[in-house]
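First comes the structure, then the notes that go with it.
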Amino acid sequence: MIMTINELIKKILSYNKNSDFSLINKAYDFARKAHGIQKRESNEPYINHLVNAAFILAELKVDDKIIAACILHDTLEDTPTQKKDLEKEFGEEIANLVDGVTKISKLNITDSKIRQAESIRKMLLATTDDIRVIIIKLADRLDNMRSLNYLKEDKQKRIAQETLEIYAPISYRLGLFNIKWQLEDLSFRYLQPKLYNDFKEKVSTKRREREIEIKKIISIVEKELKKHDINFEIYGRPKSFYSIYKKMLKKNVDFEQIYDLIALRIIVNDIKECYEVLGIIHNVFKPITQEFDDYIANPKSNMYQSLHTIVIMPDGKKAEFQIRTKEMDKIAEEGIAAHWQYKGIHGDYKFDKKLSWLKEILNLKNQKTNDFIEALKLDLFSDHIFVFTPKGDIIELPKDSTPIDFAYAVHSDIGDKCTGARVNDKFVNLKYNLSNGDIIDIITSKNHIPSREWLKIAKSSKAKTKILQALKLSQNIPAKTIKKFESKKQNIVETEIDAKSIKLAECCNPLPLDKIIGISSKMNDVVIHKENCINLKENKKIEVSWNDDPNLLVNLKINANDRIGLLAEILNSISSLAINMEKAEAHVSGKQLAECNIKLKFNNIEELTKVINRIKKIQDIRKISII
Ligand code: MN
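FYI, numbering that gives the first Met the number 0 numbers position 377 of the sequence shown as 376, with every residue one higher than the one before it.
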């Protein structure tokens, strides 16, 4: 599908009669000249990609500036055009948008490991102070996915994986459902080509039979709703291949069991009518009570609202209804873009660094467990910043970190030898406060050593510890200083010797009330094992005991099979024991696996044992350990 500039303008006219076509035409001419003879992999002129991407945005009814910026989005990266040229021609706002998109492209996302996907998503949301940049990036990615067949297979797979892991979840968070399912299905096509083709074939052979069934249900529902004098629209809802695939995995069923469930959507005028229609449908067909969800009373964190219910048809088959108002439907399809439309075509796009829009969503006070987890995740990274190495690797640091923290986060050797830094190509001093998205190049000098001053400048505990170590080595400062600093952090286990570090062994995973023994290295690093651990052997054993200090903070790591509501269940069981929780966080740690990290303050060791035993009983928990 190749869009022309005329088709694009026609599309824009359909929702914005006052569109500034001179701006769009100017951007088009500028981009065409700048890209010159550049071609896409498909051998089409490069400008086609830019118009196609802009068309995707026009479908979201965005304003002229976003369209223009989208048409220009590759000029800074692929052509000699400079930001100041764009500023001169199109003004600062558009130049900044293009610059923002270029910055994302320069990140080394492609080389990052998948385990970094969560940080990349967080980082993308945290580093962009203008959400429009991300929307343009998503349109760019969608058009690239549509022409993925021109690339080599390994590249296809890599890009599809990245799209599935990073860009589809971001579109979900922004509520851009139309973009999300297209990204997912295109990724699925390249990642699982056999399954994809199998699905495609099955869908086409079943199409007629299915259409007849849908018509039958619609006619029953129509008759009933008309009796009640309700204005409505009803239609069969196609299911995306990837959503079928995900449900197959989740429910462990085959294609037919998901696909054969007829899905219908009913759109009405107001909320009152939504519940009326629900009542009518439940009156006509038998509902499956546990399949009912009220996302009107409890919106999802991406603003999604709708009633969901599954009912049993007279022939015993099941049908799923989604009931919502026109506005809700718009938000469900267009997410944040619909939000702008309500604010008017000149709505506010500038968000503060923390993305106030996402914060706003959090204030919807969701009770739904899955949204609770989303909300928690978003809240937890507000005290961190994400910055980059010149190669584009992401480094997560505490807020207000300095180049010293960054240097030590990269490597302790770089930290020790750090004499200065260039942040975004500008020289800065070591006290400089880093912000989200900064690209940092550390300047080192071979014989340099850290100064005591640095302890005041560094924010991260890693940097502080390393600085102290280096100072101790170079100046032979009294060991007392080190102890003073380290004593801030108490250990869950007390030892008879002055341990430098204490770790619980992974082999036997000792937990409170277990009988334990310590093994000490020459450097006084102590590892704690269960007394009966088979790995103890002939090492030097030392006396240890559990620390029963009432103010002790303990980090629990919980590994579990990932499922909706898991973290909420864990948190509930902790709060039911009235234990103070300092921090909680969950992330996906592998295929269908989740890792939760919880920081607790407990009054005595029995209390901690209670918590652990309670959590152990939760379904899907695999392992609990103290870290
Ligand atoms: Mn592009």
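Glycine is no exception: its CB is placed at the ideal position from the N, C-alpha and C atoms.
| Item | Value |
| --- | --- |
| Do K60 and Y14 count as a contact pair if the criterion is CB distance below 8 angstroms? | yes |
| DSSP three-state call for N612: helix, strand or coil? | helix |
| Work out the CA separation of P549 and K317 for me, nearest whole Å. | 55 angstroms |
| By the three-class DSSP mapping on this structure, what secondary structure does M327 have? | helix |
| For C69, which option in F54, D77, T78 has the closest C-alpha, if you only look at C-alpha atoms? | F54 |
| Please determine if the region 551-568 and the region 586-605 are in contact, where contact requires at least 3 C-beta pairs separated by less than 8 angstroms. | yes |
| Using 8 angstroms as the Cβ pair cut-off and three pairs as the minimum, do the region 395-411 and the region 423-431 touch? | yes |
| Is I496 buried or exposed, if buried means 16 or more other CB atoms sit within 10 Å of its CB? | exposed |
| Quick one, what's near ligand 1 if you take every residue whose CB is closer than 5 angstroms to any heavy atom, in chain order? | D73, D139 |
| Check whether the Cβ atoms of T443 and K416 sit closer than 8 angstroms, and answer yes or no. | yes |
| Whole angstroms are fine: how far does the CA of A457 sit from the CA of I384? | 15 angstroms |
| By DSSP, does L263 sit in helix, in strand, or in coil? | strand |
| Quick check: the Cα distance between G278 and E272, rounded to an integer number of angstroms? | 10 angstroms |
| Assign L565 to one of two classes, buried (16 or more other C-beta atoms within 10 Å of its C-beta) or exposed (fewer than that). | buried |
| With a 10 Å radius around its C-beta and 16 neighbouring C-beta atoms as the bar for buried, classify N362 as buried or exposed. | Annotation note: pLDDT 34 at N362 (below 50); position unreliable, no value reported. |
| Should V543 be labelled buried (16 or more other beta-carbon atoms within 10 Å of its own) or exposed? | buried |
| Helix or strand or just coil, what does DSSP make of K9? | helix |
| With N560 as the anchor, note down where its beta strand (DSSP E) starts and where it stops. | 552-560 |
| Give the single residue among A331, K285, Q289 whose Cα lies nearest to the Cα of P298. | A331 |
| With a 10 Å radius around its C-beta and 16 neighbouring C-beta atoms as the bar for buried, classify D253 as buried or exposed. | exposed |
| How would you label Q321, buried or exposed, when you count the other beta carbons within 10 angstroms and need 16 or more for buried? | buried |
| Where does L185 land, buried or exposed, given buried means 16+ other C-beta within 10 angstroms? | buried |
| Quick one: what's I133 bridged to in DSSP? | Answer by DSSP bridge pairing: none, since I133 is not bridged. |
| Based on the DSSP secondary-structure assignment, which residues constitute the bridge partners of Y274? | In the DSSP output, where bridge partners are listed per residue, Y274 has none listed. |
| For F231, which of I217, T288, S242, K582 has the nearest alpha-carbon? | I217 |
| Can you determine whether any heavy atom of ligand 2 sits closer than 7 angstroms to the C-beta of L175, and answer yes or no? | Ligand 2 is not among the ligands present in this structure, which contains only ligand 1. |
| Starting from the C-beta of N47, find all residues in its chain whose C-beta is less than 6 angstroms away, skip the five residues before and the five after it, and write them out in chain order. | I1 |
| For the alpha helix (DSSP H) containing E152, name the first residue and the last one. | 152-161 |
| Please report the straight-line C-alpha distance between D440 and I158, rounded to a whole angstrom. | 28 angstroms |
| One question on the structure: do I178 and I65 come within less than 8 angstroms of each other, judged by their Cβ atoms? | no |
| Just mark Q181 as buried or exposed, buried being the case when its beta carbon has 16 or more other beta carbons within 10 Å. | buried |
| Helix, strand or coil for C532? Go by DSSP, reduced to three states. | coil |
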